[in-house]
Each structure stands twice: as structure tokens, then as C-alpha cells.
Amino acid sequence: MHEPHARISAPPATAASLPDDVTPSGACASGALIARNPATGDEIRRVPRPSACDVHAAIARARLASVCLAQAPLSVRARLLRRIADALESNAEPLARRVVAESGKTLAHALEADLAGAIAVLRHTARIGPHALSERQEWSPAGALLGRLHRSESRPLGVVALITPWNYPMGIVVSGLAPALMAGNAVVFKPSELAIDCAYALAEIVADSLRACSLPQDALTLLPGDGAVGEILTDGAIDHCLFTGSAAVGRRVRDKLTARGISTSLELGGSCPLILLENRGGDRQAALQTALSYALFGRLANNGQACGAVKRLYVPRADVPAVLAALETAMRAVRLGPPLDSATHVGPLISDRQRATLHAQIEDARARGARILCGGVIPEGPGWYYPPTLLSDVPPGARVLTEETFGPALPVIAYDDASHAVALANDSPYALTASVFGDPQEAAALARQLTAPLVAINDLALLNYSLPQIPWRGRQDSGWGAGVHGAPILDALSERRYYSRNVTIRWPFLRKPPWHLHRGDCAQDAAFSARVLAFTGGSPFWRWLRPSLARGFFQRRASRQW
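Here is the structure:
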């Protein structure tokens, strides 16, 4: 078997040892993976693709590491997360520049969303983890009456497969990594083949933190690879899968693992609506400009490549002309350019393939009769850039409405009344986030009718991903399981076991419990058992805890003969 090159401590492969027949997808014919700068197409890093033997060996090493990590006190695991957070914070700018170089997002967004979000998740998980996973005494009046004490403790599942995309190579990865390590699981991490360099940067920090906390290095094993590596990983002896990616792949992962009895947490795509309500009072123009400012940012953040981004804008029919005019002016003023340029608003898309997919979705809308008010043309020159694109008169069956669009394209759809807006917004296989702008009371009433699990009122739901206190999960084609963030994901990544102890067995007159077989009056026994059933079933104890009940227990003590 080859030396396990995918371990986080392994040196990267050198370019001199690899062939030059590189394909645009980020892989080369010989099996190497290449990280490229989407703004220039330049190569950033090459690493060898792991074999099936490497994947299974990584899972075996992780299994051994999970035994040691499970025995580590919760305080040590929390300290590990805090060390990782400190390292990310102290190296924030150089790490953000690596994120920019590999993803094409602007430096400000890399710092504010990717790095800041990752640090917040680590510190929040370290803060709530010891309490959420701690040993608990489970007490009840019925248990005390029966002479039983109950205790529960959380045990890790074992080995967690972490499969992540490229659009937030720090934030999304840490959202799965932090709770997995806090719960005591070893992690086998397969990043997107388009985010290899960021994965190595994060893995090196985790490795240093593991050494500092005297924890096993194989608690995190990095397996850079494409979809084939992910298939091998999910076929292995894992105990849980944290997957973030497309709905189609997520469904395959869920079906495969569920058939084997393995749990999953899937965070999938989104086609998130923003509904602009009719303004019936106040400064209508100011309210409209404010809402459109949020809508524009929500569509263009991270170059439009976010699952929770605004994908559909619903506007009262009377306001459509004003909205289209304002958005067209704003979009034409957006500066498209190199992501490290401080004047840039929107950088390139992640790959030529992603740009081609977005352009095909827009061309589909155009062919169905939609109007393209700005953008919609692939620019010449290096880099995978795509201009902000505004669409109107989009018919219901267009791909920009039925599929997830990953890029700076915004369709504007007119609606007649609130019920019509709700019906249009809910007419999607995705249910992740939604936003409603308008009168607070009207917006709140409409928000309750939307299928999305997270709805923002006069704000962008997307911004809540950076708040680790708020669980982030989808429904339908947008997710499955506990999602990420908060206590729910810690519960999903651990198993709470319960222990019941009989404290009366040491007392001679109670060694034989009253419900064991004995000789007595069956009618009296049935009446007594009915009273016990009512007590243990939740009736107030003061109604049933009478001398006759205590006497019945005593009469059925062990001293009575069978």
C-alpha cells in the first residue's frame, strides 16, 4: 500500500513529479488534482488523488483515533476548538487571501463571511458543547418511588465523513468539523476538488492544535478528491455523514447510507425567495430603495454562489417598472473585476463549468420569452467572470426558477396579492431560507405561510449563517437531518445512553420488588397495580401517594412468601 499521502501531516506533491495534461475541471489525466485561480486560470496547487486503498486506510486510522478522542474530557475537546479559532483569527488575512485566490470571492467577503463565520462556530461550539454533551441525572417522582436512579451520558458515534463544497471553504467546513470533534468523533474530510489549497491550510492548523492538546493526529484525515473519492468514502465503515452539496448528489448519499443504517446530515441547495410587500404608507421610495439594496447584496454576495442567497425576487405588479429600473441602474454600476482589487464588487465564478451552467439557465429563460435587461453575456478575456444579470417576464417553467442558480443572476417576478406571492414563493422543490420586506406585522403574517425553515423579516436570511446560535437546516431538496449549528447537530453527532440503577436492592426488606410474582389476592393486586399505573403515568403524586399505596408496597415486600 502506498504511503498515506492524504494525511494532514503529509507534504504536498511537487509539480515536477506530475504530468502537464491538465483538464479544466481541476483534475489531470494521470489522477492529480489541481487547484486553480478562477480569476486567471493559474495553477495554485497540485496533489495526488487518493486511491481506494488510501480511503479505507484513512477510515481505519480514524477508527483508532476515535477511541482516544472519545476518552478525552469535554474540557479538552473545547480547548481544541478554541485553539483552532485562535489560530484562524491570528492568521485571518493570509488565510483569507488563500480563500480569495482559490474561490474568486472578494477579500472583504472572505474575511467577514468565511473566516469570521468559522471562528464564531468554533467558539460557540466550544462554549455550549460541554453542557450539551455532559452527563445528566434524570430524576422523576415515579423513578424515585420505584427505587431507580437514572443517569445519561453522550457517546460519540465514531467516524464522521465530512464532504464539503467549494463556495465557503472555511465556513462550511468548520460548521461540520467543530461539532464532530466536540462530540468526540474522528473526521475523514473530503473537500471539493476546487478547494484543495484551503483544505490543506485548515488541516495544518487543526493538526497543530491536535498536537498542542495531546490528541491523536488522525482525529482529522484529509482526503482531497473528486466525486469518485466521495463514493468510496461513503461506501466505507463510517458512522455518520455530514454532506453539503447539490440536491441530486445529496439524495444519493442519503439513500445509500440510510439503507445501511447510517445517519446523515445533509445541507443542500436553495432557491430562496425575497418577497417585497406593497408599501401603503410612509416614504415609499425610500422603503423601496432600502429593500432593493438588501436584495442586490443578497444576490451578489460571494459572487452569487451561496445556497442561501436571494434567487427569486417577488414584487407587487404595480411596482415592477420602478423595481426593474432601479435594479438595472444598480447592476450596471456593479464593478466586475479581480477579487483582490478593493474597487471590485463581484469576482469570477469558481470554474468555466459553473459559468457555462449559469449561462445555459439564462439562455433557457431567454428562449422561453424572458427579457434580459442587463448582463447575460460571457465576457472575453481570462478568468471565469459573468456580469450581474437582471431578468424579467420569466415564465414559470424556466430553469432559473425551477433549478438552483449559482451566480449573479436575479429574476424579478410580479405578483397580484399576498396569497399569490406565497404560492409563487412556495412553488419550488427547495426550502431553505426566505426574506420578506414590508410592514412588520404584514411581513410576519406572510412569513408564517412560507415553507422555508428560516425566514427573515426586513432582513436577509442569508446573513444568519454567520450566527452559530441559529440552526441552519433545509427541508425538501434543501436538506435532511439536523443541519448545522447549535445543539441539534451535537445531538446528531452523538448518542445519548441511559443507565438505570436499582438503589433498593441493598435493603433486605425491598430486595424483592413488589411487582415480582407472589401469592396474594388477585383482585387486590389488580386494584393496587391500577393505582401504581396512574401514578407512574403522570397523575399528580399527591393524589395517589397515600398511606394505602405505601402499605401496598410494603405488603409485597420480599419477606412475604410466594
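The working numbering applies: residue 89 is where the sequence shown begins, and numbers increase by one. In this text, a Cβ means the ideal position worked out from N, Cα and C, and glycines have one as well. Note that the structure is predicted; figures quoted are calculated from it, not measured.
Given that a residue counts as buried once 16 or more other Cβ atoms are within 10 Å of its Cβ, and exposed if not, what is residue i?
{"i": "residue 377", "result": "exposed"}
{"i": "residue 112", "result": "The predicted position of residue 112 is uncertain, since its pLDDT is 37 and thus under 50; no value can be drawn from it."}
{"i": "residue 219", "result": "exposed"}
{"i": "residue 306", "result": "buried"}
{"i": "residue 108", "result": "The predicted position of residue 108 is uncertain, since its pLDDT is 31 and thus under 50; no value can be drawn from it."}
{"i": "residue 227", "result": "exposed"}
{"i": "residue 543", "result": "buried"}
{"i": "residue 260", "result": "buried"}
{"i": "residue 173", "result": "buried"}
{"i": "residue 178", "result": "exposed"}
{"i": "residue 389", "result": "buried"}
{"i": "residue 474", "result": "buried"}
{"i": "residue 405", "result": "exposed"}
{"i": "residue 65", "result": "A query on residue 65 cannot be resolved here, the shown segment of the chain reaching from 89 to 650 and no further."}
{"i": "residue 591", "result": "exposed"}
{"i": "residue 407", "result": "buried"}
{"i": "residue 294", "result": "buried"}
{"i": "residue 521", "result": "buried"}
{"i": "residue 346", "result": "exposed"}
{"i": "residue 434", "result": "buried"}
{"i": "residue 466", "result": "exposed"}
Measuring straight from C-alpha to C-alpha, what distance separates residue i and residue j?
{"i": "residue 452", "j": "residue 180", "result": "41 Å"}
{"i": "residue 571", "j": "residue 284", "result": "24 Å"}
{"i": "residue 299", "j": "residue 206", "result": "21 Å"}
{"i": "residue 237", "j": "residue 584", "result": "16 Å"}
{"i": "residue 488", "j": "residue 499", "result": "7 Å"}
{"i": "residue 372", "j": "residue 381", "result": "14 Å"}
{"i": "residue 142", "j": "residue 250", "result": "16 Å"}
{"i": "residue 277", "j": "residue 510", "result": "39 Å"}
{"i": "residue 351", "j": "residue 235", "result": "36 Å"}
{"i": "residue 254", "j": "residue 348", "result": "28 Å"}
{"i": "residue 133", "j": "residue 119", "result": "14 Å"}
{"i": "residue 486", "j": "residue 460", "result": "13 Å"}
{"i": "residue 323", "j": "residue 527", "result": "51 Å"}
{"i": "residue 581", "j": "residue 183", "result": "28 Å"}
{"i": "residue 121", "j": "residue 578", "result": "33 Å"}
{"i": "residue 432", "j": "residue 450", "result": "23 Å"}
For residue i, which beta-bridge partners are listed by DSSP?
{"i": "residue 309", "result": "276"}
{"i": "residue 328", "result": "248 and 351"}
{"i": "residue 382", "result": "Note: residue 382 sits in no beta bridge, so no partner."}
{"i": "residue 133", "result": "123"}
{"i": "residue 321", "result": "Residue 321 pairs with nothing; no bridge assigned."}
{"i": "residue 360", "result": "398"}
{"i": "residue 404", "result": "503"}
Check: What runs of the alpha helix (DSSP H), each 4 residues or longer, lie entirely inside the region 223-274?
Finding: Within the region 223-274, the runs of alpha helix (DSSP H) at least 4 residues long that lie entirely inside it are, in chain order, 229-233 and 259-270.
Notebook entry, point to check: Are three or more beta carbon pairs between the region 465-484 and the region 409-417 nearer than 8 Å?
Noted result: For the pair of segments examined, the region 465-484 was found to touch the region 409-417: the number of CB pairs separated by less than 8 Å reaches three.
Notebook entry, point to check: Whole alpha helix (DSSP H) runs in the region 415-482 with 4 or more residues, listed along the chain?
Noted result: Scanning the region 415-482 for uninterrupted alpha helix (DSSP H) segments of 4 residues or longer gives 440-455, listed from N- to C-terminal end.
Margin query: Measuring CB atoms only, is the region 268-277 touching the region 155-163, in the sense that at least three cross pairs come out at less than 8 Å?
Written below: Contact between the region 268-277 and the region 155-163 is present, because at least three Cβ pairs lie under 8 Å.
Item checked: alpha helix (DSSP H) runs wholly inside the region 525-592, at least 4 long, in chain order -> If we require 4 residues or more, the alpha helix (DSSP H) runs fully inside the region 525-592 come out as 528-535 and 574-580.
Notebook entry, point to check: Is it true that the region 285-297 meets the region 417-427, where meeting means three or more beta-carbon pairs spaced less than 8 Å apart?
Noted result: Between the region 285-297 and the region 417-427, the count of Cβ pairs shorter than 8 Å is below three; the stretches do not touch.
Notebook entry, point to check: Is the region 510-524 touching the region 555-565, taking contact as three or more C-beta pairs under 8 Å?
Noted result: With the cut-off at 8 Å, the region 510-524 and the region 555-565 touch.
Check: Should the region 528-536 be called in touch with the region 553-563, which here means at least 3 C-beta pairs below 8 Å?
Finding: Here the region 528-536 makes no contact with the region 553-563; the two share fewer than three CB pairs at distances below 8 Å.
Notebook entry, point to check: Just checking, does the region 144-157 make contact with the region 184-203 on the three C-beta pairs under 8 Å criterion?
Noted result: No, they do not touch.
Notebook entry, point to check: Quick one: complete alpha helix (DSSP H) runs, 4+ long, within the region 154-237?
Noted result: Unbroken alpha helix (DSSP H) runs of no fewer than 4 residues, entirely contained in the region 154-237, are found at 162-178, 180-191, 204-220 and 229-233, following chain order.
Notebook entry, point to check: Which ranges would you report for the alpha helix (DSSP H) in the region 481-528 if only whole runs of at least 4 residues count?
Noted result: Here the runs fully enclosed are 487-490 and 506-514.
Check: Below 8 Å, can you find three or more Cβ-Cβ pairs linking the region 310-317 to the region 195-215?
Finding: These segments do not touch.
Note to self: For the pair the region 335-344 and the region 359-369, tell me if three or more CB-CB distances fall below 8 Å.
What the structure shows: Contact fails: fewer than three Cβ-Cβ distances are below 8 Å.
Note to self: With three or more beta-carbon pairs closer than 8 Å as the criterion, would you say the region 192-211 touches the region 241-249?
What the structure shows: Cβ pair count under 8 Å is below three, so no.
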